[in-house]
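Novice: Adding 17 to a residue's 1-based position in the sequence shown gives its number in the numbering used here.
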Amino acid sequence: KQIGWIDPQENYHLQSIQLPNCYLNKALRLSDNSIFTIGRNSTVGILRSNVYFMHLNAMGDTLSTRSYPSDSLWVYFDVDAAAAYDMELDADGMPVSSCIFSDRFASVVKTDWDGNIIWRRDTNYRTAVQPIPLTKIPLTNEIIFGCQAWNNWNYNQFCLYKVTTDGIDSLFTIQMTDSTCAGSYFSM
């Protein structure tokens, strides 16, 4: 099905483009003019969602979609929100996305263009349900990401990680003195 046309002369924010039960966080136009996008799709109202991957052709017709539910049934304040937040291309040109598969841990996944997971790397800190920015370092093509992490009953740390060929390495942690100082991180 077609998702509709967007006037390129207009100023759109990706989060304002909503498909039924679907919220998009980032999209990339590929060399064949197709579009690969990530986000979440709601399963039961707005409080339950799956990680969502969608591949569209240049005309907006859906080529493939794939969604992944939360890892567990653990629910915090009635929210069980799995979502994909940010995306970069790996050294081989395949998408690497930051995700939350449950309310517990930040993850990074590499997928094919149909949204099938090739590999998944999880942090060991529970994270807030909010954007997890990814950045590709220009000279080395290394991908780093950051997330706000849980410590001592507060989300008062910001952890920075590097994606490696066989896992993730913790680079450093910024410790906040108060959880209200951490705020939200949308890009690096």
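Every residue, glycine too, gets a C-beta built ideally from N, C-alpha and C. Here the structure is a predicted model, which is why all the values come from computation and not from measurement.
Please classify Phe70: is it buried, with 16 or more other beta-carbons within 10 angstroms of its beta-carbon, or exposed?
Specialist: The sequence position of residue 70 within the sequence shown is 53, counting from 1. Under this definition Phe70 is a buried residue.
Novice: To the nearest angstrom, how far is it from the Cα of Thr181 to the Cα of Glu159?
Specialist: One-based indexing of the sequence shown puts residue 181 at position 164. One-based indexing of the sequence shown puts residue 159 at position 142. Cα to Cα, Thr181 sits roughly 8 Å from Glu159.
Novice: With DSSP as the reference, label Leu73 as helix, strand or coil.
Specialist: Taking the first residue of the sequence shown as 1, we reach residue 73 at position 56. Note: Leu73 maps to strand in three-state DSSP.
Novice: Excluding the 5 residues preceding and the 5 following Trp136 in the sequence, name in chain order all residues of the same chain whose CB lies nearer than 6 Å to its CB.
Specialist: The count along the sequence shown starts at 1 and reaches residue 136 at position 119. Cβ within range, chain order: Lys127.
Novice: Among residues of its own chain, excluding the 5 on either side of Phe118, which ones have a beta-carbon nearer than 7 Å to its beta-carbon?
Specialist: Looking up residue 118 in the sequence shown gives position 101. Answer for Phe118: Val68, Tyr85, Ser87, Asp88, Ala99, Ser124, listed in chain order.
Novice: On the three-state DSSP scale, how would you describe Asp88?
Specialist: Position 71 of the sequence shown, counting from 1, holds the residue named residue 88. DSSP places Asp88 in coil when its eight states are reduced to three.
Novice: Which same chain residues, not among the five before or five after Phe189, have their C-beta less than 6 Å away from its C-beta?
Specialist: Along the sequence shown, one-based indexing puts residue 189 at 172. The answer, listed in chain order, is Leu177.
Novice: So for Ser124, helix, strand or coil by DSSP?
Specialist: Here residue 124 is taken as the residue at index 107 of the sequence shown, counted from 1. Here Ser124 sits in strand by DSSP.
Novice: Can you give me the C-alpha to C-alpha distance between Ala44 and Gln192, rounded to a whole angstrom?
Specialist: Counted from its first residue, the sequence shown places residue 44 at position 27. Counted from its first residue, the sequence shown places residue 192 at position 175. Taking the straight line from one Cα to the other gives about 32 Å.
Novice: Using the C-alpha atoms, what's the distance from Gly56 back to Tyr142?
Specialist: Within the sequence shown, residue 142 is the residue found at index 125, counting from 1. Within the sequence shown, residue 56 is the residue found at index 39, counting from 1. Those two C-alpha atoms are separated by around 22 Å.
Novice: Any heavy atom of the ligand GTP inside 7 Å of the beta-carbon of Arg137?
Specialist: Ligands in the displayed structure: none, and consequently the ligand GTP is not present.
Novice: Quick check on the DSSP output: the beta strand (DSSP E) that includes Asp186 runs from which residue to which?
Specialist: The residue you call residue 186 lines up with position 169 of the sequence shown. 184-192 is the extent of the beta strand (DSSP E) around Asp186.
Novice: Return the Cβ separation of Gln51 and Leu73 in integer angstroms, given the expectation that the two are a contact with Cβ distance under 8 Å.
Specialist: The residue given as residue 51 occupies position 34 in the sequence shown. The residue given as residue 73 occupies position 56 in the sequence shown. Going by the sequence as given, residue 51 is Ser instead of Gln. Rounded, the Cβ-Cβ distance is 6 Å, consistent with contact.
Novice: For Asn58, which of helix, strand or coil comes out of DSSP?
Specialist: As a first step, residue 58 must be located in the sequence shown, where it is residue number 41. Asn58: strand per DSSP, three-state reduction.
Novice: Please classify Ile154 as buried or exposed, where buried requires at least 16 other C-beta atoms within 10 Å of its C-beta.
Specialist: Against the sequence shown, residue 154 aligns to sequence position 137. The residue is exposed, with fewer than 16 neighbouring Cβ atoms inside 10 Å.
Novice: Taking the straight line between their C-alpha atoms, what separation do you get for Arg46 and Ala166?
Specialist: As a position in the sequence shown, residue 46 is number 29, starting the count at 1. As a position in the sequence shown, residue 166 is number 149, starting the count at 1. Whole-angstrom Cα-Cα distance: 31 Å.
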